[in-house]
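Enquirer: Chains as they are written, first to last, in the UniProt record's numbering: chain A, 1 to 688; chain B, 1 to 153.
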């Protein structure tokens, strides 16, 4: 069967399950006694195992299998969670993640997990109380302790056989690990058994064994005239058999098993106390569908059912967006036609269509929005590990994880945030002893906040650590030649703090592997700027530091001011406009050969857009008054002279195609209501 | 026996040119073009082709020919080469013909004022028609534009 078509689905779902495993493990660590969380974790692990086995990723399946064993013991109260177990499980998760990534990159998902598997097995062995029918087997410790369930009918058949003087045996057969055709070997064993008696029940079911859906061992109930020892010797005669244990049952031991069976059937399959590594004849059709059912049940149990979703290729959304913008253009035309024709019916229809297409636009925009939670959700785990390795105590408090951002922004913002968080933990939050000395609680706090404000989303990372030392920053900056001593002396605290973003700056005295490798905050700043955002630092010595990241809501639609230059129209992003106004030509003065205008008490440079873009049919020099748009880049301002303001509009950003070279002052194009293209001005190009 | 190819035939002045049909996305009537400032003279600007912004170049200008007034016959041929979508303004485009590859000859040094490197060859159709086959990747070669620029500058 061609598995490729399922591979991407497998990868997506695996990542989901790994994420949920991570989250729930964190939750469990916080409240180790909550067995409902263990249930959820168990199911995620089980589903993952099922999927991995179906796809043929053996290593992945076997590691999850071992995790499941540990979790099962915890779930049944046979094992109490402790730090060592948590660490081992987290390590297993990391290994799983690495394997899934390898698969994503086209690999086979193979990894050496023997040490993790060994420690997982050690945990299982260390705490396992011997279960009935348990025969310690190094090859398959799990299967060995699997108590097989009998239904009422089978139970009574066995009971009767004993009463009639037959031997009832519980036989467990383990194949050699290098056995190639397991189903064939199993068949040979069964053939042998049928010759001397009757097989009542097998685990896993016979169909599964025939399809090789078992690891290396299977067990069965068998009625015969021969003794346990004789059967054992006979089965060992089949080649490639590793181990056979045969146990004669009497009425008493049988009735114990029978009670277990009755108890199990009385309970719902989901909360079945017996292990499910080998699917018992519960209502689970195939391993492929069973995990899905469980996956649905699991979140419901933990009380936060996720909304139902489908996965859509982002390219399709882009196509949808393009189609929609064409529709919007036609809508404008229709509206114009309707107002020309003055037919009430037509006007009403067009108005209705306008409302519908407006709603449609909202929905399409929302489709592209994803909650920042998709980035945030991996941070708690990261902070936990980091804090451990740094020997610091810290709480990460996340607020506003439901805040939505455009998919393209969310995809890019992860790495910068990781860097800022590492920074906050490494350089911000002090060690436990320092915190106590400073009179603070020994556990530090890092707030990760996301919220909307206007057309932007802000993400803040705030620690309650030592804050930024102005002296240290300035000293380091002078040493590295970023500023001169004179410049440094004149700087405000705030200006000094922003130096952290200068290229090649790092204040860490000891370079740790957490942060401070020199490729630091300047890269973060560059990345955020490339997303059209901005990052600023606020810091109070002794109280802590706050990194505030400002991001545009979306990269594809912006609010813009449309302006006219002669017959041409241009769009200026509203985010960089400070204000608009009208000045008389006499207010524009020439200073050192460049034109300046007074604006709110200071002089700012004047840039004539008409002149820069060589607009043929517009000459502003004859005008008495001229419209200006004051734009901002950082804290610098400039005034662009234009002919007319047309108005404010939401515009869809389009690139100008690969053929055109970079054009200074133009960042892209957009399609206006009349179907024409207007160029989008890049205000940053006009301020040096 | 070489294969037959379909070729879109268009005119610049009196000369006839050909582009393989699979490189042509569509042929449009002239539509409003938004001028793009601070770029080469032969780049006329950008158009909105059903929601996609596409740069348009005047093929006469690109080949250093004298630019002509646009008429009713003027067409924009949208071609896709190396994942670049570009529109060519041509005097007219109204024919598709089948051409045998064997009938395409290596071009002489200069044909109709166009340098040989922009051409794939010259095909003779019928008795007195010559069709000049364009080498699109060379016509849209950006490195060469940079050289042009430095010459002009």
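We put the beta carbon where it would ideally sit given N, CA and C, even for glycine.
1. Leaving out the 5 sequence neighbours to the left and right, which residues in its chain are closer than 8 Å to residue 82/B when beta-carbon positions are compared?
2. Consider the Cβ of residue 36/B: report whether some Cβ of chain A lies at a distance smaller than 8 Å.
3. Cα separation between residue 24/B and residue 134/B?
4. Can you give the Cα-Cα distance for residue 328/A and residue 447/A, rounded to whole angstroms?
5. Is DSSP giving residue 665/A helix, strand or coil here?
6. On the criterion of 16 or more Cβ atoms from any shown chain inside 10 Å, does residue 339/A qualify as buried, or is it exposed?
7. I want to see whether chain B comes within less than 8 Å of residue 579/A, judged by CB atoms only; does it?
8. Report yes if the C-beta of residue 207/A is less than 7 Å from at least one heavy atom of the ligand PLP; otherwise report no.
9. Relative to the C-alpha of residue 92/B, which candidate in 108/B, 86/B, 73/B has its C-alpha closest?
10. Among 29/B, 13/B, 17/B, 12/B, whose alpha-carbon lies nearest the alpha-carbon of residue 160/B?
11. By the 10 Å Cβ neighbour count, where 16 or more other Cβ atoms means buried, how is residue 51/A classified, buried or exposed?
12. Between which residues of its own chain and residue 679/A is the CB-CB distance below 6 Å, once the five residues before and five after are set aside?
13. Can you list the residues of chain B that residue 677/A reaches, using a CB-CB cut of under 7 Å?
14. Using the Cβ count rule (16 or more neighbours within 10 Å means buried), how would you classify residue 9/A?
15. Name the one or two DSSP bridge partners that residue 18/B has.
16. Quick one: is residue 108/A buried, meaning 16 or more other Cβ sit within 10 Å of its Cβ, or exposed?
17. Return no unless some Cβ of chain B is closer than 8 Å to the Cβ of residue 22/A.
18. Given this structure, state the Cα-to-Cα distance separating residue 129/B from residue 671/A, to the nearest angstrom.
19. Grouping DSSP H, G and I as helix and E and B as strand, with all else coil, what is residue 360/A?
20. Quick one: complete beta strand (DSSP E) runs, 3+ long, within the UniProt domain "HPt" (1–103) of chain A?
21. Along the beta strand (DSSP E) that carries residue 577/A, what are the first and last residues, could you check?
22. For residue 59/A, is the classification buried or exposed, using 16 other Cβ atoms within 10 angstroms of its Cβ as the cut-off for buried?
23. Going along the chain, which residues of its own chain have a beta-carbon closer than 6 Å to the beta-carbon of residue 595/A, five neighbours each way excluded?
24. Around the Cβ of residue 76/A, are there at least 16 other Cβ atoms within 10 angstroms (buried) or fewer (exposed)?
25. Between the Cα of residue 222/A and the Cα atoms of 241/A, 201/A, 229/A, 215/A, which residue gives the shortest distance?
26. Would you list, in chain order, the members of the segment 61–88 of chain B that have their beta-carbon closer than 7 Å to a beta-carbon of chain A?
27. Mind checking which residues open and close the beta strand (DSSP E) that includes residue 605/A?
28. Please report how far the alpha carbon of residue 450/A lies from the alpha carbon of residue 632/A, in whole angstroms.
29. In the DSSP assignment, find the beta strand (DSSP E) that holds residue 447/A and state where it starts and stops.
30. Counting only the same chain and skipping the five closest in sequence on each side, list residues whose C-beta sits under 7 Å from that of residue 58/B.
31. Let me confirm a value: residue 14/B is counted as buried when at least 16 other C-beta atoms fall within 10 Å, else exposed. Which label applies?
32. Would you mind stating whether residue 639/A and residue 613/A have Cβ atoms separated by less than 8 Å?
33. Output the boundary residues of the alpha helix (DSSP H) element that contains residue 441/A.
34. Quick one, which of 112/A, 105/A, 38/A has its alpha-carbon nearest residue 78/A's?
35. For residue 428/A versus residue 463/A, is the C-beta distance shorter than 8 Å?
36. Taking 8 Å as the CB-CB cut-off, is residue 661/A touching chain B?
Expert: Taking the definition as stated:
1. 137, 140
2. yes
3. Spanning the two alpha carbons is a distance of roughly 12 Å.
4. Cα-Cα distance, rounded: 42 Å.
5. coil
6. exposed
7. no
8. Ligands displayed in this structure: none; no statement on the ligand PLP is therefore possible.
9. Among 108/B, 86/B, 73/B, the Cα nearest to that of residue 92/B is on 73/B.
10. Missing from the structure shown is residue 160/B; chain B here goes from 1 to 153 and no further.
11. buried
12. If you ignore the 5 residues before and after residue 679/A, its C-beta comes within less than 6 Å of the C-beta of 570, 666, 669, all in its own chain and listed in chain order.
13. For residue 677/A, the neighbours in chain B by C-beta distance under 7 Å run, in chain order, 34, 46, 47, 48, 53.
14. exposed
15. 9/B, 133/B
16. exposed
17. no
18. 42 Å
19. helix
20. Runs of the beta strand (DSSP E) spanning 3 or more residues and lying entirely within the UniProt domain "HPt" (1–103) of chain A do not occur at all.
21. 577–584
22. buried
23. Contacts found: 588, 606.
24. exposed
25. 201/A
26. 83, 84, 85, 86
27. 602–608
28. 25 Å
29. 444–453
30. 42, 44, 67, 89
31. In the assembly as shown, residue 14/B is an exposed residue. Its beta-carbon has fewer than 16 other beta-carbons within 10 Å.
32. no
33. Counting along the chain, residue 441/A falls outside any alpha helix (DSSP H), and DSSP gives it neither H nor E.
34. The shortest Cα separation from residue 78/A among 112/A, 105/A, 38/A belongs to 38/A.
35. yes
36. yes
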